[in-house]
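Accompanying notes for the structure given below.
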Amino acid sequence: MNAEFTIQGHVIETDRLLLRAFKPEDFDDFHAYGSQEGVAEMAGWSHETSEEESREYLDFFIAADYTFAIFHREDQKVIGSFGVKPYQVELEPELEALKGREIGFVLAKEYWGQGLMLEAIEAVSARLFKDYDFDFLLADHFDSNQRSARVLEKCGFKPYRKEIIETALGPISGRLMLQMNPYRNG
Numbered sequence: 078m079n080a081e082f083t084i085q086g087h088v089i090e091t092d093r094l095l096l097r098a099f100k101p102e103d104f105d106d107f108h109a110y111g112s113q114e115g116v117a118e119m120a121g122w123s124h125e126t127s128e129e130e131s132r133e134y135l136d137f138f139i140a141a142d143y144t145f146a147i148f149h150r151e152d153q154k155v156i157g158s159f160g161v162k163p164y165q166v167e168l169e170p171e172l173e174a175l176k177g178r179e180i181g182f183v184l185a186k187e188y189w190g191q192g193l194m195l196e197a198i199e200a201v202s203a204r205l206f207k208d209y210d211f212d213f214l215l216a217d218h219f220d221s222n223q224r225s226a227r228v229l230e231k232c233g234f235k236p237y238r239k240e241i242i243e244t245a246l247g248p249i250s251g252r253l254m255l256q257m258n259p260y261r262n263g
């Protein structure tokens with residue numbers, strides 16, 4: 078079952094990042110990374126996004142209350158997003174009775190390869206597993222996005238099954254990953 082969780086009032090800090098709710102004044106940073114070729118496509122939308130479309134995405138993130146802004150402390154700007162959204166996939170019966178959510182993330186291209194998303198995933202996962210007693214987390218990635226596959230594996234996610242991911246760009250082949258709560262005994 079989908080666990081209850083909203084991001085309002087939650088701030089997660091790491092050495093280099095601050096994960097917090099998006100604000101309307103984050104628009105310029107949001108549009109900048111969301112319009113980068115190769116970044117947007119890995120999130121399932123086109124980098125040829127107009128300012129109006131970006132504003133609609135940002136307004137949705139604010140209203141939906143499940144997507145953190147990834148704020149880079151040193152550079153003092155938003156460099157990505159991190160969603161903790163209700164999952165919408167069918168699961169095996171043994172998982173259906175357990176509490177979980179699906180995570181998803183996007184990071185500006187100039188910050189790739191610095192371990193920042195690993196840092197964000199580990200911090201958010203620890204908070205959800207320890208403080209909110211989630212049983213599991215899901216995440217998916219496109220087959221073409223091996224960077225996301227590797228970071229998820231480094232964070233303890235295991236392949237769950239192949240899937241077709243519906244995106245604004247159309248259906249894309251991918252893989253659903255699963256992490257069970259690592260802080261549980263037995």
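Residue 78 is where the sequence shown starts when you use this note's numbering, and the numbers rise one by one after that. Built from N, CA and C at the ideal position, the CB exists for glycine as well.
Query, Result
"Neighbour-count burial assignment, Y260, 16 or more Cβ in a 10 Å radius", "exposed"
"Stretch pair the stretch 235-242 + the stretch 183-201: three plus CB contacts closer than 8 Å", "no"
"Distance CB(L94)-CB(A200) smaller than 9 Å", "yes"
"Bounding residues of the beta strand (DSSP E) (the contiguous stretch that carries A146)", "T144 to H149"
"CB contact flag (R224, L205, <9 Å)", "no"
"Sub-9 Å separation of F211 and N258 beta-carbons", "yes"
"Proximal residues to L175 (C-beta, below 8 Å), its chain only, five neighbours per side dropped", "M78, D212 and F213"
"Environment of D136 [buried if 16+ CB atoms lie within 10 Å]", "exposed"
"Sub-9 Å separation of D142 and T91 beta-carbons", "no"
"Span of the alpha helix (DSSP H) around V228", "Q223 to K231"
"Endpoints, the alpha helix (DSSP H) within which D220 is located", "First-last for D220: undefined, no H or E at that position."
"S131 versus L255: straight-line alpha-carbon distance, rounded", "30 Å"
"Three-way DSSP call (helix, strand, coil) for L214 in this model", "strand"
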